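**Q**
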Amino acid sequence: MSTSHPRKFVTSKYCLPYNPISVERAKSFRKNPTAAEKKMWLYLRTFKPRVLRQRPIDRFIVDFYCASLKLAIEVDGAYHFTEEAQAYDLERTRILEGYGLRVVRFTNDEVLHDFDSVCLQLEGMIPLNPPFKGDFEM
Numbered sequence: 001m002s003t004s005h006p007r008k009f010v011t012s013k014y015c016l017p018y019n020p021i022s023v024e025r026a027k028s029f030r031k032n033p034t035a036a037e038k039k040m041w042l043y044l045r046t047f048k049p050r051v052l053r054q055r056p057i058d059r060f061i062v063d064f065y066c067a068s069l070k071l072a073i074e075v076d077g078a079y080h081f082t083e084e085a086q087a088y089d090l091e092r093t094r095i096l097e098g099y100g101l102r103v104v105r106f107t108n109d110e111v112l113h114d115f116d117s118v119c120l121q122l123e124g125m126i127p128l129n130p131p132f133k134g135d136f137e138m
């Protein structure tokens with residue numbers, strides 16, 4: 001994968017770096033979710049700790065992000081099964097894990113047709129006493 005695009009990221013000690021150009025794109029994604037993303041959001045929006053959707057991190061936009069758990073949740077459509085997309089997703093996961101994030105992926109099919117299993121997996125990732133807020137060391 002080529003990484004020749006400019007890296008003009010916004011950074012601070014309070015948030016992960018992100019490309020400000022991605023903010024408008026993320027807003028557009030929030031306004032036009034896939035059926036699977038919509039179903040997942042109806043579930044995740046009630047979570048404590050707080051989960052955000054379509055969050056820019058680095059040069060990417062993750063579908064769902066929980067800062068206090070350092071958790072990125074991706075809902076993958078059919079495109080993600082191509083060889084090129086799988087290579088891109090692998091690199092993307094490596095970069096996100098470099099920030100200390102745990103990246104969890106579900107397929108659209110899992111979310112739409114086996115949602116109870118998806119929910120159980122997510123609930124298993126939430127500690128009984130979740131941390132109050134995320135802290136990132138960069």
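Once you know that position 94 of the sequence shown is 94 in full-length UniProt numbering, the rest is easy, because the numbers rise by one and skip nothing.
We put the beta carbon where it would ideally sit given N, CA and C, even for glycine.
Everything numeric in this text was worked out from a predicted model, so none of it was measured.
1. Which one of D63, F47 and T46 has the shortest CA to CA distance from Q54?
2. Roughly how many angstroms lie between the CA atoms of K31 and L16, to the nearest whole one?
3. Counting pairs of beta carbons, one from the stretch 101-120 and one from the stretch 67-78, are three or more of them closer than 8 Å?
4. Taking the C-alpha atoms as reference points, what is the distance between T46 and L52?
5. So, is I61 buried or exposed, given that buried needs 16 or more other C-beta atoms within 10 angstroms?
6. Skipping 5 residues on each side, what residues in its chain have a beta carbon closer than 6 Å to that of R105?
7. To the nearest angstrom, report how far apart S2 and Y88 are at their CA atoms.
8. Going by CA-CA distance only, name the one from L90, Q86 and K70 that's closest to G100.
9. Going by CA-CA distance only, name the one from D116, C66 and P127 that's closest to V103.
10. With I57 and L96 assumed to form a contact (beta carbons below 8 Å), what rounded beta-carbon distance in angstroms separates them?
**A** Reading off the structure:
1. The option with the nearest alpha carbon to Q54 is D63.
2. Our two residues, K31 and L16, have alpha carbons roughly 23 Å apart in a direct line.
3. The stretch 101-120, when compared against the stretch 67-78, does touch it at the 8 Å Cβ threshold.
4. Per the coordinates, the alpha-carbon of T46 lies some 11 Å from the alpha-carbon of L52.
5. Residue environment analysis places I61 among the buried positions, since at least 16 neighbouring C-beta atoms fall within 10 angstroms of its C-beta.
6. Its chain contains E74 and D76 as the residues whose beta carbon lies nearer than 6 Å to that of R105, once the 5 sequence neighbours on both sides are disregarded; these appear in chain order.
7. Residue confidence is low: S2 scores 43 on pLDDT, short of 50, so the model does not pin down where it sits. Its coordinate-derived value is still stated next. The alpha-carbon atoms of S2 and Y88 are separated by roughly 10 Å.
8. In terms of Cα proximity to G100, the closest of L90, Q86 and K70 is K70.
9. The shortest C-alpha separation from V103 is found at C66.
10. About 7 Å separates the two Cβ atoms, so the contact holds.
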